[in-house]
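Written out below as structure tokens is the structure these notes cover.
2 protein chains.
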Amino acid sequence: MSTAEETAGGETEPWEEVTPDAARRLLVAAVEAFAERGYHATTTRDIAGRAGMSPAALYIHYKTKEELLHRISRIGHDRALDILRTAARTEGSATDRLAEAVSSFVRWHAGRRTTARVVQYELDALGPDARAEILALRRQVDGEVRGIIEEGVAGGEFDVIDVHGTTLAVLSLCIDVARWFNVDGPRTPDEVGALYADLVLRMVGAAK
Amino acid sequence: MSTAEETAGGETEPWEEVTPDAARRLLVAAVEAFAERGYHATTTRDIAGRAGMSPAALYIHYKTKEELLHRISRIGHDRALDILRTAARTEGSATDRLAEAVSSFVRWHAGRRTTARVVQYELDALGPDARAEILALRRQVDGEVRGIIEEGVAGGEFDVIDVHGTTLAVLSLCIDVARWFNVDGPRTPDEVGALYADLVLRMVGAAK
DNA sequence: GCCGAAGCTGAGCGCCCGCTTAGGGCGCCC
DNA sequence: GGGCGCCCTAAGCGGGCGCTCAGCTTCGGC
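Heads up: the sequence lines are chains A and B, in that order.
Quick note: the first sequence uses the working numbering, first residue 1, plus one each step.
Quick note: the second sequence uses the working numbering, first residue 1001, plus one each step.
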């Protein structure tokens, strides 16, 4: 852990599961390029150039440009789901768990903004099969948050009429952080996480 | 007013300011294509085809493909700002005005989802000058919402510590509706508008 | 009935895209 | 130390992109 980026969300070193080294460098380069310009505006020559390789090198490790996006999206969604599952399983009241889920989820979207941006906003560039796989992960993400809210309502901690709609709004709020968060802006990921946890507890009517 | 789409947000017929007729048809076709596939994945041949014209016809009415996006973005932001200004100027408490601002803003993002999607998510495809012009409009959008919240805090109606951060979150919540709203889904724009107005009033700590 | 302007099309230019192929360098194993 | 397999590059293919241009049709004014 040597840089601010690496400690974001207190997570393990990202992309370490991607081997060999050249494949990981290409993938990291693709994340940066996709986040900056969008998938369709990014060329394979740009990705290879950022990784210090020739355009042809990309095709040794990945069949197509779309496979790169698929791998990024898959790993990113796995990580997002892992964050929410960890929060949902911690001990404490529904209020505690919802606050932890929102703050850690938001910290990830802010601290790992480039990854989150690709993961959350380039889904439409995937083909039907890959998109279906990712959408299944998204339903699990939705389920984790909805579960906490349902428990809070059942236990009398929360006051929510439309659980599905509120779940959608909470996730939407967190995800959109990847769109507007600015690394050079006035807020740290931790600060946004704390603010958003407070706002979400208000949304579900949790007692102070 | 003959279709559900046209009555969304109770607004006037959109794009009527775009003349001549062929230019408007091209612009409407571009909105649909950009919303479906994104700006970079849309070809000028696709836009012209949707408008029932040859590819060359596009360049009689617009200098470049980017000018089309610029015009769409400009008109859309003007409309969004108009909606918020109207809500901010209505009579009533800050609570009433914030509820009206959020519900009408959300109704527009849901009911005019294709337009809103292009307006809110394709900003990065514009060149520096056009982007700067649009960002100025966004600051005005932000100012309208922040103004209502500040008045609510000053008048004791709201309980908000971080006004800027809360304003950002409220706008983020509304804007992201354009990403997830599904016309074939279970909720109408009116229903989402009402739900979101309630959630936002909770976020600012407005009394019931 | 003629003319110019406006609107549009068919053809296509030059460019850059995603991706392929042939072959070279280098380390590892016997 | 010779052969093999893994990575990688230089070069380039086929195609689709944004955009252009010469010329055709249509129509209002006189």
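Glycine is no exception: its CB is placed at the ideal position from the N, C-alpha and C atoms.
Which residue wins for smallest C-alpha separation from residue i, given the options the options?
| i | options | result |
| --- | --- | --- |
| Val192/A | Gln120/A, Val18/A, Ala110/A | Ala110/A |
| Ala1057/B | Glu1032/B, Ala1022/B, Glu1133/B | Ala1022/B |
| Gly185/A | Val1177/B, Leu1168/B, Arg1187/B, Ile1175/B | Leu1168/B |
| Ala1130/B | Asn1182/B, Gly1156/B, Ile1075/B, Phe1158/B | Ile1075/B |
| Ala1088/B | Val1102/B, Asp1078/B, His1077/B, Arg1079/B | Val1102/B |
| Leu171/A | Ala41/A, Tyr196/A, Gly52/A | Tyr196/A |
| Gly156/A | Val18/A, His61/A, Ala94/A, Asp82/A | Ala94/A |
| Thr1019/B | Ala1041/B, His1061/B, Gly1052/B | His1061/B |
| Trp180/A | Ala154/A, Glu133/A, Arg112/A, Val145/A | Arg112/A |
| Leu1123/B | His1040/B, Ala1029/B, Ala1207/B | His1040/B |
| Gly1049/B | Tyr1121/B, Thr1086/B, Ala1029/B | Ala1029/B |
| His1164/B | Asn1182/B, Arg1139/B, Val1183/B | Arg1139/B |
| Leu1069/B | Pro1055/B, Ala1206/B, Met1053/B, Thr1044/B | Thr1044/B |
Going by the CB atoms, is the gap between residue j and residue i shorter than 9 Å?
| i | j | result |
| --- | --- | --- |
| Glu1066/B | Gly1127/B | yes |
| Gly147/A | Val204/A | no |
| Arg1107/B | Ala1035/B | no |
| Leu1098/B | Ile1175/B | no |
| Gly38/A | Ala1178/B | no |
| Leu27/A | Arg79/A | no |
| Val1200/B | Leu1173/B | yes |
| Pro1014/B | Thr1115/B | yes |
| His77/A | Val31/A | no |
| Arg1024/B | Glu1016/B | yes |
| Phe1105/B | Leu1137/B | no |
| Ser73/A | Ile134/A | yes |
| Arg202/A | Arg1187/B | no |
| Ala51/A | Thr42/A | no |
| Ala194/A | Phe158/A | no |
| Tyr121/A | Tyr1121/B | yes |
Got a sec, what are the start and stop residues for the alpha helix (DSSP H) residue i sits in?
| i | result |
| --- | --- |
| Tyr1059/B | 1058-1061 |
| Pro1128/B | 1128-1154 |
| Gly109/A | Reading off the sequence shown, one finds His at residue 109/A, where the question assumed Gly. It spans 94-111 - the alpha helix (DSSP H) in which His109/A sits, taken as one unbroken run. |
| Arg1187/B | It is not in any alpha helix (DSSP H) - Arg1187/B carries neither H nor E in the DSSP assignment. |
| Val1030/B | Residue identity differs from the one stated: residue 1030/B is Ala in this sequence, not Val. From DSSP, the alpha helix (DSSP H) with Ala1030/B extends over 1021-1037. |
| Val160/A | Note, Val160/A: premise wrong, no alpha helix (DSSP H); not H, not E. |
| Trp1180/B | 1177-1180 |
Identify whether residue i lies in helix, strand or coil by the three-state DSSP scheme.
| i | result |
| --- | --- |
| Ile75/A | helix |
| Ser1054/B | coil |
| Glu191/A | helix |
| Ala1207/B | coil |
| Glu1091/B | coil |
| Ala1004/B | Confidence is the limiting factor: at Ala1004/B the pLDDT is only 43, short of 50, which leaves the residue's position unreliable, though a coordinate-based value still follows. Here Ala1004/B sits in helix by DSSP. |
| Thr1114/B | helix |
| Val200/A | helix |
| Ile83/A | helix |
| Ala125/A | helix |
| Gly9/A | Since pLDDT at Gly9/A reaches only 44, below the 50 mark, its modelled position is unreliable, and the value read off the structure follows with that caveat. Helix at Gly9/A. |
| Val170/A | helix |
| Ala1048/B | helix |
| Glu1066/B | helix |
| His1164/B | helix |
| Val119/A | helix |
| Glu17/A | coil |
Mind listing which residues of the region 66-77 of chain A have their C-beta closer than 9 Å to chain B's C-betas, in chain order? none
Contact residues within the region 1162-1178 of chain B, judged by C-beta distance below 8 Å to chain A: Asp1162, Gly1165, Thr1166, Leu1168, Ala1169, Ser1172, Leu1173, Ile1175, Asp1176, Val1177
Under 7 Å (Cβ pairs) to chain A, residues found in the region 1019-1053 of chain B: Gly1038, His1040, Ala1041
Compile a chain-ordered list of the residues in the region 1183-1207 of chain B whose CB is closer than 9 Å to at least one CB of chain A. Look at the region 1183-1207 of chain B: the residues with a C-beta under 9 Å from a C-beta of chain A are Pro1186, Arg1187, Glu1191, Val1192, Leu1195, Tyr1196, Asp1198, Leu1199, Val1200, Arg1202, Met1203, Val1204, Gly1205.
Mind listing which residues of the region 1116-1132 of chain B have their C-beta closer than 8 Å to chain A's C-betas, in chain order? Tyr1121, Asp1124, Ala1125
Quick one: which residues of the region 89-114 of chain A get their C-beta closer than 7 Å to a C-beta of chain B? List them in chain order. Listed by position along the chain: nothing, the set is empty.
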